[in-house]
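K.L.:
Protein chains in written order, with our numbering: chain G, 32 to 150; chain D, 18 to 125.
Next up is a structure, given as C-alpha cells.
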C-alpha cells in the first residue's frame, strides 16, 4: 500500500524557518517524481515545488522561489521541504504528492501537515 | 501561467441526481486535465486523469470528458459520500501545474 506521511509542521514566527519531511513507503520511491502542494485555510490547492526522480531537476512556484528548497533521499525514501523566510501567507496545510509521469496527475497524497506562520 | 476556471463555484443537488462541473483552461491543454475530490479535513483524491480515464477504485458513476480548453466532470446517481469539493488540474504546463478554484457540491 502506498503511503506518504508528512511531518515537521507547526507554529513559526514570520521570518523563521521550518523543515518538512515526507516518509514514503509501498512503492519504488526512486522511480517517481515528487511534489509539494499546499492549501491555505479555506482556500484552494496551490502547487509549490517539484523534484525529479534523481534530483536532477527542481522547480518552484514564484510564490516560494528563493525561499523554499526541495530535496529527496532515495536511499531513505524521503522527501523534504526546507522553508526559510516564512511569511504569514505561507500558512497552509502542506501535502507531499506523488506524480504520474505519463499524465502529470497526482495519484497519491499524504495526509498533510499544518504550517502556521504567526507572531 | 495557464489559468483554470471552474463553474459553478458551488452546486446544490440531491441524492440520486446527476450533476456536471465544468473546467475551462486559458489555453489549449490537450487532455492534460485531471479531477480531484476533497472532503473536509482530508487530502484530495484523484478521480479522473487524462480528461477521461477513471482512476483505479473510483466508482463508474464518475466520468470526465473534453479536450483543448473545455472539460466536464459528471457524477451520475449522486451518493451521500459524493458531497465534497471538486478540483480540476492541468499538467500541460508542468511548472506551474495549476488548479481550478474548486466546486463545492452540497446536499440540497
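Positions of the beta carbon are idealized from the N, C-alpha and C atoms, including for glycine.
Remember, it's a predicted structure, so these values are computed and weren't measured experimentally.
#1: Excluding five sequence neighbours on each side, which residues of the same chain lie with their C-beta closer than 7 Å to the C-beta of residue 64/D?
#2: Anything in the region 52-69 of chain D with a Cβ closer than 7 Å to a Cβ of chain G? List those residues in chain order, please.
#3: Residue 49/D and residue 107/D - do their beta-carbons sit closer together than 8 Å?
#4: Can you name the residues that DSSP bridges to residue 100/G?
#5: For residue 137/G versus residue 128/G, is the C-beta spacing smaller than 8 Å?
#6: Go ahead and pull the three-state DSSP assignment for residue 120/G.
#7: Give me the chain D residues within the contact set of residue 101/G, using Cβ-Cβ distance strictly less than 7 Å, ordered along the chain.
#8: Quick one: is residue 104/D near chain G, going by C-beta distance under 8 Å?
#9: Looking at residue 35/D: is its Cβ nearer than 8 Å to the Cβ of residue 93/D?
#10: Tell me the start and end of each unbroken beta strand (DSSP E) in the region 54-125 of chain D that is at least 3 residues and wholly inside, in chain order.
#11: What span of residues does the beta strand (DSSP E) with residue 23/D cover, start to end?
#12: Quick one: which chain G residues come within Cβ less than 9 Å of residue 88/D?
#13: Taking the DSSP output, what are the residues bridged to residue 137/G?
#14: Anything in chain B within Cβ reach of residue 108/D, meaning under 7 Å, just list it in chain order.
#15: Just confirm the distance between the C-beta atoms of residue 109/G and residue 86/G, as a whole number of angstroms; I'd bet it's less than 8 Å.
#16: Among 116/G, 75/G, 54/G, which one has its Cα closest to the Cα of residue 95/G?
#17: What runs of the beta strand (DSSP E), each 3 residues or longer, lie entirely inside the region 48-98 of chain G?
#18: Mind checking who residue 29/D pairs with in its DSSP beta bridge?
#19: Rounded to a whole number of angstroms, what is the C-alpha to C-alpha distance between residue 36/G and residue 75/G?
P.N.:
Concretely, from the data shown:
#1: The count along the second chain starts at 1 and reaches residue 64/D at position 47. 52, 53, 54, 72, 75, 79.
#2: 60, 61, 63, 66, 67
#3: Position 90 of the second chain, counted from the start, is the residue given in the question as residue 107/D. Position 32 of the second chain, counted from the start, is the residue given in the question as residue 49/D. It is a contact, given that the beta carbons lie within the stated cut-off.
#4: The residue you call residue 100/G lines up with position 69 of the first chain. Paired residue(s): 113/G.
#5: Numbered from its first residue, the first chain carries residue 137/G at position 106. Numbered from its first residue, the first chain carries residue 128/G at position 97. A contact, by the Cβ cut-off of 8 Å.
#6: Translated into the one-based positions of the first chain, residue 120/G becomes position 89. In this structure, residue 120/G counts as helix in the three-state DSSP scheme.
#7: Stepping through the first chain from its first residue, residue 101/G is reached at position 70. None at all; the shortest Cβ gap to chain D is about 12 Å.
#8: To locate residue 104/D, count along the second chain from 1; it is residue 87. It does: the Cβ of residue 104/D has a partner Cβ on chain G nearer than 8 Å.
#9: For the purposes of this step, residue 35/D is taken as residue 18 along the second chain, with counting starting at 1. For the purposes of this step, residue 93/D is taken as residue 76 along the second chain, with counting starting at 1. Result yes, Cβ atoms of residue 35/D and residue 93/D sit closer than 8 Å.
#10: 62-66, 79-84, 87-92, 102-107, 120-124
#11: By 1-based counting over the second chain, the position of residue 23/D is 6. Counting along the chain, the beta strand (DSSP E) containing residue 23/D begins and ends at 21-24.
#12: Position 71 of the second chain, counted from the first residue, corresponds to residue 88/D. Result: empty, since nearest Cβ-Cβ is about 13 Å, beyond 9 Å.
#13: Walking along the first chain from the start, residue 137/G turns up at place 106. 130/G.
#14: In the structure shown, chain B does not exist; the protein chains are G and D.
#15: As a working note, residue 109/G is residue 78 in the first chain. As a working note, residue 86/G is residue 55 in the first chain. 12 Å between Cβ atoms; not a contact.
#16: Along the first chain, read from residue 1 onward, the residue named residue 95/G stands at position 64. Per the Cα distances, 116/G.
#17: 49-56, 65-70, 76-82, 89-91
#18: Along the second chain, read from residue 1 onward, the residue named residue 29/D stands at position 12. DSSP output for residue 29/D lists 123/D as bridge partner(s).
#19: Stepping through the first chain from its first residue, residue 36/G is reached at position 5. Stepping through the first chain from its first residue, residue 75/G is reached at position 44. One C-alpha to the other measures close to 21 Å.
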